[in-house]
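Protein chains in written order, with the numbering used here: chain C, 1 to 117; chain W, 118 to 450.
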Amino acid sequence: MNKKLLHDIILAFAVIIISLCLIFILSRGGKEGEYIEITISGEDYGSYPLGSDRTVDVDGKLTVVIEGGKAHIENSLCPQKECEKCGEISHPGEMLVCLPQGIIVRVCGNGENDFNI
Amino acid sequence: MGKKAIKSFSLLMALLLAVALFPACNSKQRYSRDYLGYFDTSCIFTAYCTEKSEFDSAADKLDSEMERLHRLFDVYNEYEGINNLKTVNDNAGKAPVTVENELISLAEYGKKYYEMTNGTLNIAMGSVLRLWHEALGGGAFPTDDQLKSAGEHCNIEKLIITEDTLYLEDSAMSVDVGAIAKGYAAEYLAKFLKDEGMESFALNLGGNVITVGEKPEGKWKIGIKNPEGDGNSAVLSVSDTSVVTSGDYERYIIKDGVRYNHIISSETLYPSDNFRSVTVVCKNSLLADALSTSLFCMSLEDGKALAKKSGADIMWILPSGDIVRTEGFSEYE
């Protein structure tokens, strides 16, 4: 077999494998399984998948914005607005806390379910 | 450059193009919206759409429809310009009330399920439910005497349905459709969304889930909460199917160390403590809702017979934590 042809075949296979990996990574979207859990004074307020953009009004006390697989707090009624300064969270276990209002926003893993009832 | 090098270069380009275009082929995005003001619970609408505007438009229309149904089924508030169930209850013993088709249909289903469950599901026990509703809202706890006397005014035969009116013959009775309203709404709203052109969506009306079509990556996954603590007791994979759970952990009060949940037995007039939760899987969301409430208030034996008769698949979680399933239920796990 021509050496050049062999190289071409190897190259073609390499490209196919890399492409398949890319397709797999792109189609997974990365954030499917993770979700945000919000509690007020320890009481469950709601759970929301991190994979879909949305704005959650938390009992009129503050707003949790989920955007591009990350979550942050806006429009908090607390005096110091420390919670708005915490930035964004996106990994399981990370949390945002609004101490004065007793609100915790947490990223949870293994939430590949659409709903838990 | 040799011919073969050009060939493989072209191949490389073609594959890169395929990769670049892949997300476009699979471009349906997931969108969700919450609704906190309806049916005394929180509702979520999740759908896969090509455009956000497509989702927003459907979600807005859904909002109006949900509000309309919520107002019709409301037994505590009146709204200008409509006759709802409060109007019907306020006119008990006085006069028939002209109502929308949806209320006639809901009342007819109420009677049908009363027959099917041998009276376990009774939409005419509003007088009893009102007492528990107050207690669960932090008000006074009902006494035995109060419950007994309210229980004397739950005769569903005295709910008179005509083509366009509802009438309660007993002035002390009232209708409460809490046991089937969310199921009816889920079924109705899913049909509404299908008519709007939605093909892949799920609605969760406070534990009453209806799924239509599949997600791009496959079936919908519904976790059934473990009543004992964290996590789920089961995870179901479904499409074009409804899943409804009635549990004692959803809404309850604790008095003198005893837990009182919100699912009231029509027989004892007290919260049923036969199970921690009952999950029903079947095509029709209304049937699923009616069954989950009734099965929660029945013995396991009677429930198994009803499950067989209805063709639905059931999972019962007993107070001991033991789980009992019908044969078909495991196929969803």
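Even glycine gets a Cβ: it sits at the ideal position worked out from N, Cα and C.
As the crow flies, the alpha-carbon of C:L50 is around 26 Å from that of W:D157. Chain-ordered, the chain C residues with CB closer than 7 Å to the CB of W:R147 read G51 and S52.
Close to W:N321, with beta-carbon spacing below 9 Å, are these residues of chain C in chain order: D114, F115 and I117.
Residue burial is scored here from C-beta neighbours: C:I17 has fewer than 16 other C-beta atoms within 10 angstroms and is therefore classed as exposed. For a Cβ distance threshold of 7 Å, nothing in chain C lies close to W:T279: the least Cβ distance comes to about 37 Å.
With a threshold of 16 other beta carbon atoms within 10 Å, W:E418 falls short and is exposed. Around the beta-carbon of W:G300, 16 or more other beta-carbon atoms lie within 10 Å, marking it buried. Counting of Cβ neighbours within 10 angstroms places W:K338 among the buried residues, the total reaching 16 or more. Residues of the segment 301 to 332 of chain W with a C-beta atom less than 7 Å from some C-beta of chain C are A319, N321, G324 and V326, listed in chain order.
Neighbours of C:V56 in chain W, taken as residues whose beta carbon is under 8 Å from its own, are D151 in chain order. Scanning chain W for C-beta atoms nearer than 7 Å to the C-beta of C:G109 yields nothing, as the closest lies near 12 Å away.
Taking a cut-off of 8 Å on C-beta distances, the segment 421 to 428 of chain W does not touch the segment 316 to 329 of chain W, as fewer than three cross pairs fall below it. W:G340 belongs to the set of residues whose beta carbon lies under 7 Å from a beta carbon in chain C. DSSP lists C:V65 as the bridge partner or partners of C:H72. Interface annotation, W:T362: in contact with chain C, CB-CB separation under 7 Å.
Per DSSP, W:D419 lies in no beta strand (DSSP E); the unbroken alpha helix (DSSP H) holding it starts and ends at L417 to S427. For C:V97 against C:I104, the beta-carbon gap comes to about 5 Å, under 8 Å, which counts as contact. Nearest CB-CB separation between W:V397 and chain C: not below the 7 Å threshold. At a cut-off of 7 Å between C-beta atoms, W:W433 does not count as an interface residue with respect to chain C.
When the five nearest sequence neighbours on each side are left out, the beta carbons in the same chain lying within less than 8 Å of the beta carbon of W:A405 are those of G300, N325, S359, V360, V361, V397, V398, C399 and A429, in order along the chain. At a Cβ-Cβ threshold of 7 Å, W:A303 and W:F190 do not count as neighbours.
Within 8 Å of the CB of W:N239, no CB atom of chain C is found; the nearest one sits about 24 Å away. In the three-state DSSP reduction, W:V216 falls in the coil class, being neither helix nor strand. Residue range C160 to C166 is occupied by the beta strand (DSSP E) that includes W:T163.
For C:G42, none of the residues of chain W pass the 8 Å Cβ criterion, the least Cβ distance being about 14 Å. The Cβ-Cβ distance between C:D53 and C:E43 does not fall below 7 Å. Taking C-alpha positions only, W:G330 is separated from W:D357 by approximately 5 Å.
Remark: C-beta atoms of W:L246 and W:D293 approach each other more closely than 7 Å. The beta carbon of W:V216 sits no closer than 7 Å to any beta carbon of chain C. For W:E444, DSSP assigns no beta-bridge partner whatsoever. Between W:V355 and chain C, the shortest Cβ-Cβ separation is not below 7 Å. Per DSSP, the continuous alpha helix (DSSP H) segment holding W:A175 begins and ends at K169 to F190. By the CB criterion at 7 Å, W:D365 and W:R393 fall inside the cutoff. For W:W249, no Cβ of chain C is located within less than 7 Å of the residue's own Cβ. At a cut-off of 7 Å between C-beta atoms, W:V245 does not count as an interface residue with respect to chain C.
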